[in-house]
Amino acid sequence: MALEEDDSAVPLVCPATAPSKRKYKSVLLIPLALLLLLAAGAVFLSTDSPTLRTYAARRPSKLSRPAVLLVSLDGFRFGYQFKTPTPNIHRLIAQGTEAEEGLIPVFPTATFPNHYSIVTGLYPAYHGIIYNYFTDPVSGDQFTVANHDPKWWLGEPLWETVTSQGHNAAAYFWPGSEVVKGSWTCPPKFCPKYNESVPFEERVDTVLGYFDLPKDEIPSFVSLYFEDPDSQGHEVGPDDPQITEAVARMDRVIGRLIAGLEKRGIFDDVTMILLGDHGMVSNCDAKQIFLDDLAPHIQIPESWVQSYSPLLSIRPPEDVSSSEVVAKMNEALSSGDVNNGKYLKVFLKEDLPSRLHYSASYRIPPIIGLLAEGYKVSQTRTNSCECGGAHGYDNSYFSMRTIFIARGPQFEKGRKIPSFENVQIYNLITTILKLKGAPNNGSASFPNSVLIPSS
């Protein structure tokens with residue numbers, strides 16, 4: 040599988056302009072004590088350039104090796120952290136490094152593709168989970184989120200990377216963690232079977248218990264997943280008071296996690312990364328495009344459609360030209376005959392914007408439709424007038440962004456970094472853990488732009 044290293048698509052932190060090397064004879068007249076004072080003060084200056092930071096990361100004191108705790112709040116749109124007081128999340132921000140304008144998900148901005156991109160460093164076209172559900176065009180087999188057959192899940196997730204190099208790893212409900220492949224056996228002790236009814240507090244306490252094990256048994260990598268506030272977002276959209284309540288609750292859950300690490304004296308030793316998989320946007324049935332309305336220009340049978348919204352994907356029969364289908368669909372959508380037609384653009388997958396990285400897999404249907412933010416596609420016209428929330432749209436929409444907050448020995452306090460795609464996180468974590476990573480789509484240089492050099 041040919042992989043690409045995409046430095047250009049990700050805004051990296053660039054070295055600051057080097058200071059002038061002008062020499063002044065008058066500097067010889069400055070008292071030696073003043074020079075020493077200035078030199079000492081310079082050690083504490085910080086810029087966004089890793090080349091100008093003159094201090095090294097603090098070594099863990101309570102753990103025998105580096106440890107990373109990766110926490111996902113599903114559907115935590117960037118900006119939710121300002122909806123209500125979130126003292127625990129803001130404590131992590133103040134004491135760590137934050138993507139100032141949010142973390143960019145991969146396309147499609149759906150739960151399973153993004154969670155698996157985070158732990159593999161691969162775009163969906165390369166790790167195989169192209170959507171939350173899809174059909175393999177060769178075998179006819181159907182993928183759903185409950186499918187743990189390793190044939191679907193490509194690449195090497197972090198728990199496999201960690202265990203293949205002699206360390207323990209734990210994955211609590213993270214999508215893909217129940218897939219047994221390579222060195223990863225999903226041991227019951229460190230890999231519970233998914234059960235959404237398990238209270239969030241119980242999940243936290245179980246993870247904290249991993250750090251009570253003997254030092255040589257403590258997992259080097261732990262991933263922890265929470266369904267909220269995504270579940271509320273789908274029901275009521277991102278601006279309802281229910282979202283505010285869900286955000287406040289998740290902040291308390293994070294507070295419980297922090298308190299448990301502090302109680303064990305390891306809060307400063309464990310690298311904690313708090314993020315989400317995607318954002319959320321309001322959508323209402325009034326913003327719908329009905330495929331049946333494309334007639335008489337073209338008829339799109341329901342049997343051709345693999346998914347409707349927010350990702351429209353179509354696989355015509357082999358004897359039907361996909362190019363002609365795309366041309367006729369776009370003709371109909373731009374004709375003025377289709378209600379809201381201008382808010383949908385249809386592409387052959389190879390003609391999609393390259394920044395989406397969504398064409399290299401045979402699993403991706405040949406026709407992909409990109410919807411405007413907040414719009415929906417259905418087959419048949421209805422009189423429904425419901426509103427809610429959705430994600431899955433183009434990842435260039437700011438509403439699809441989520442959070443990235445990291446605190447730990449190699450993250451600078453109070454630092455803001457530019458937004459980046461979540462495929463960079465795999466290399467970031469393997470660098471912290473001092474492990475050799477598998478081939479991936481992230482940039483090998485990215486960790487050096489974010490991390491304090493290890494001592």
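Numbering (the numbering used here), first residue to last: 40 to 494. Don't be surprised by glycine CBs; every beta carbon is placed ideally from N, CA and C.
Residue i - partner residues in DSSP beta bridges
i           : result
residue 409 : 350 and 384
residue 460 : 143
residue 327 : 415
residue 516 : Any property of residue 516 remains undetermined from this structure, which presents the chain solely from 40 to 494.
residue 321 : 428
residue 110 : 263 and 313
residue 344 : 353
residue 454 : 136
residue 220 : 223
residue 116 : 441
Whole-angstrom distance between residue j and residue i, CA atom to CA atom
i           : j           : result
residue 254 : residue 325 : 57 Å
residue 189 : residue 220 : 6 Å
residue 192 : residue 201 : 17 Å
residue 448 : residue 420 : 56 Å
residue 142 : residue 341 : 35 Å
residue 441 : residue 305 : 27 Å
residue 451 : residue 131 : 11 Å
residue 267 : residue 290 : 11 Å
residue 157 : residue 465 : 6 Å
residue 270 : residue 223 : 29 Å
residue 67  : residue 308 : Here the model assigns residue 67 a pLDDT of 28, short of 50, so the residue's position is not dependable, and the following value carries that caveat. Residue 67 and residue 308: Cα-Cα distance of roughly 44 Å.
residue 467 : residue 118 : 24 Å
residue 313 : residue 414 : 29 Å
residue 203 : residue 120 : 37 Å
residue 244 : residue 263 : 11 Å
residue 196 : residue 318 : 23 Å
residue 80  : residue 250 : Residue confidence for residue 80 is low, a pLDDT of 39 falling below 50, so the modelled location carries little weight and cannot support an answer.
residue 346 : residue 352 : 5 Å
residue 182 : residue 391 : 23 Å
residue 379 : residue 123 : 35 Å
residue 458 : residue 310 : 20 Å
residue 443 : residue 108 : 13 Å
residue 328 : residue 455 : 40 Å
residue 276 : residue 176 : 34 Å
residue 302 : residue 259 : 19 Å
residue 236 : residue 273 : 18 Å
residue 483 : residue 474 : 13 Å
residue 477 : residue 194 : 8 Å
residue 358 : residue 178 : 18 Å
residue 344 : residue 356 : 11 Å
residue 485 : residue 418 : 43 Å
residue 116 : residue 241 : 24 Å
residue 373 : residue 416 : 16 Å
residue 445 : residue 110 : 10 Å
Same chain only: Cβ atoms within 6 Å of residue i, ignoring 5 sequence neighbours per side
i           : result
residue 429 : 322 and 349
residue 431 : 147, 148, 149, 349 and 350
residue 62  : Note that residue 62 scores a pLDDT of 30, beneath 50, so its modelled location is shaky; the value from the coordinates is reported in the next line. Closer than 6 Å at the Cβ level, and outside the excluded window around residue 62, lies no residue.
residue 332 : 377
residue 168 : 151, 152 and 155
residue 382 : 411 and 414
residue 299 : 247
residue 112 : 265, 289 and 315
residue 125 : 290
residue 426 : 323
residue 105 : 471 and 472
residue 206 : 259
Same chain, Cβ closer than 7 Å to residue i, neighbours up to 5 away in sequence not counted
i           : result
residue 171 : 149, 150, 151 and 184
residue 127 : 290, 293, 294 and 297
residue 239 : 265 and 292
residue 64  : Any answer about residue 64 is weak, because its pLDDT of 29 lies below 50 and its placement is not dependable; what the coordinates show is given next. Correct list: empty, nothing qualifies.
Sequence-distant residues of its chain with Cβ nearer than 8 Å to residue i (five each side left out)
i           : result
residue 133 : 452 and 453
residue 278 : 321
residue 225 : 210, 216, 217, 218 and 219
residue 400 : 163, 164, 165, 167 and 169
residue 129 : 120
**Message:** So within the stretch 130-215, which uninterrupted beta strand (DSSP E) runs reach at least 3 residues, ignoring any that extend past its ends?
**Reply:** 136-138 and 208-211
**Segment contact, 8 Å Cβ cut-off, at least three pairs: the stretch 209-217 with the stretch 230-241** = yes
**Prompt:** Should the stretch 433-441 be called in touch with the stretch 282-290, which here means at least 3 C-beta pairs below 8 Å?
**Reply:** no
**Asked** How about the stretch 354-369 and the stretch 327-339: do they share at least three Cβ pairs that are nearer than 8 Å?
**Response** yes
**Request:** Determine contact between the stretch 402-414 and the stretch 377-387, defined as no fewer than three beta-carbon pairs at a distance below 8 Å.
**Result:** yes
**Request:** Report the residue ranges of all alpha helix (DSSP H) runs contained in full by the stretch 237-313; include only those spanning at least 4 residues, in chain order.
**Result:** 239-249, 269-275 and 280-302
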